[in-house]
Each structure stands twice: as structure tokens, then as C-alpha cells.
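Working notes, beginning with the structure itself.
Numbering (our numbering), first residue to last: 77 to 307.
Structure, rendered in C-alpha cells:
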């Protein structure tokens with residue numbers, strides 16, 4: 077566990093030093109994931125790690141994979157996290173963990189009671205998943221924005237590191253009065269174009285050594301993303 081914490085601290089310091097504006101913490105190394113109820117040891121470990129990461133002074137978000145929104149909110153309450161990411165907040169998506177059903181009603185009430193200042197960033201047509209037949213991106217976005225209690229919407233490609241389709245991004249941005257973020261595939265080469273449509277982006281793989289998501293942060297690659305975004 078001490079090695080996990082040190083790696084988290086190191087990555088967070090590098091991201092802060094090159095100018096990132098926030099940090100998302102996930103239990104990405106836990107694959108294969110539990111669908112929507114992560115083990116208690118995961119919640120405890122993530123709370124410890126995020127408490128350490130918060131010391132760099134940036135807003136911190138929590139995503140308990142695969143879709144434990146109530147666990148994420150519990151962590152957020154303990155560490156005063158700025159936001160949580162919920163992969164499936166409303167509707168249903170078919171995943172390698174089986175069907176995952178959104179629990180927006182429970183999430184909204186838990187947020188109100190546990191951590192009312194924590195924003196909820198919710199995916200529409202989340203990566204590594206397939207929507208039910210007949211559900212359009214437009215209808216899914218409308219449900220998420222108008223009925224699910226989200227504070228921001230995330231649009232991703234097909235999987236980790238996969239580019240987000242810009243037409244899909246425009247479709248969501250045109251129908252959302254909430255901030256819209258890209259959730260996968262943003263790179264130093266594409267971030268400029270992305271930010272002409274989206275309000276921000278979650279950048280993971282392109283900040284890592286050799287562009288591999290499981291590797292440590294590469295300061296030069298991370299700095300290149302920030303430089304391109306600022307341009």
C-alpha cells in the first residue's frame with residue numbers, strides 16, 4: 077500500500093507542477109471490476125490515497141470503478157473531494173460486468189446528505205459499454221441532463237485512450253446546458269480542437285510514459301498537453 081500511495085503522490089505532484097487544473101483518482105488497477113458495489117477495502121484504500129493526493133492543492137475527483145457512485149460519494153464526503161465521476165448515472169448500459177443500471181435517485185439523495193458541495197460528473201454512453209437497442213445519444217443526453225441530477229456530462233470514445241468522436245461531442249454539447257467534458261482519447265495533438273467544443277477534458281493515457289495508461293506520469297508529455305490546451 078505504501079508503494080501505491082507514493083505512486084499516487086508522485087503522479088499528482090507532476091500533474092500539478094505542469095499546470096493541470098484538477099486530478100481524477102480511480103481504482104484503475106482493480107480490473108476486473110465489481111459492477112456497482114466495490115469492496116470495503118477498496119473504499120478505505122481510495123480514501124487514504126485521495127487524502128494524500130489532495131495535499132498537492134488541486135481539486136480532486138473520485139471515480140470508483142466500475143460504477144460505485146455511493147462509494148465515491150462516501151469518499152468525497154471524507155476527503156472533501158470536488159467532484160465524483162459516475163459512469164452510469166441513469167438508464168442502462170451493457171458492460172463486461174453485465175448490465176449496469178443507473179441509480180440516479182439514490183445518488184442524488186446520498187449527495188444531498190453526505191456531500192452536498194460535491195459535483196456529479198456523469199457519462200453519457202460511457203466507454204467500454206453498449207447502450208440498449210433503440211436508445212439514441214440525443215435521448216440519453218436529454219435524460220441525463222434534465223432528469224438525473226448531473227452537474228456535468230462526459231463524452232468518451234469506445235474505450236480507455238480511444239478518441240472521442242467529435243460529432244458525438246457536438247451532439248451532446250448542443251443539447252446540454254451543463255458543462256461538457258471529453259472523457260477519453262484527448263492528446264496534445266487533439267486537445268485544441270476538443271476545446272473548441274467541450275468545456276474541458278479528462279486526460280489520462282497521453283500524460284503517461286509511452287502513452288500507456290498503466291504507466292507513471294511523464295512530465296514532458298503532461299506539460300505538452302497543458303501547453304496545447306492553453307494555446
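Glycine is no exception: its CB is placed at the ideal position from the N, C-alpha and C atoms.
Roughly how many whole angstroms lie between the Cα atoms of residue 237 and residue 258? 11 angstroms
Whole-angstrom Cβ separation of residue 229 and residue 252, contact assumed at under 8 angstroms? 5 angstroms
Please classify residue 232 as buried or exposed, where buried requires at least 16 other C-beta atoms within 10 Å of its C-beta. buried
Along the chain, which unbroken stretches of the alpha helix (DSSP H) at least 4 residues long are found entirely within the stretch 132 to 163? 145 to 155
Start-end ranges of the alpha helix (DSSP H) lying completely within the stretch 213 to 301, minimum 4 residues: 213 to 223, 242 to 251, 267 to 270
Check whether the stretch 111 to 120 and the stretch 129 to 148 are in contact - that is, three or more C-beta pairs closer than 8 angstroms. yes
Would you mind reading off the limits of the alpha helix (DSSP H) that contains residue 87? 78 to 94
Residues near residue 182 by beta carbon distance below 7 angstroms, same chain, minus five either side: 146
In this structure, what does DSSP give as the bridge partners for residue 175? 170
Which first and last residues belong to the alpha helix (DSSP H) in which residue 189 is found? 180 to 190
Per DSSP, which residues does residue 195 bridge with? Please list them. 159
Helix, strand or coil, according to DSSP, for residue 128 in the structure here? helix
So residue 138 and residue 101 are in contact, right, with Cβ under 8 angstroms, and what is the actual spacing, rounded? 6 angstroms
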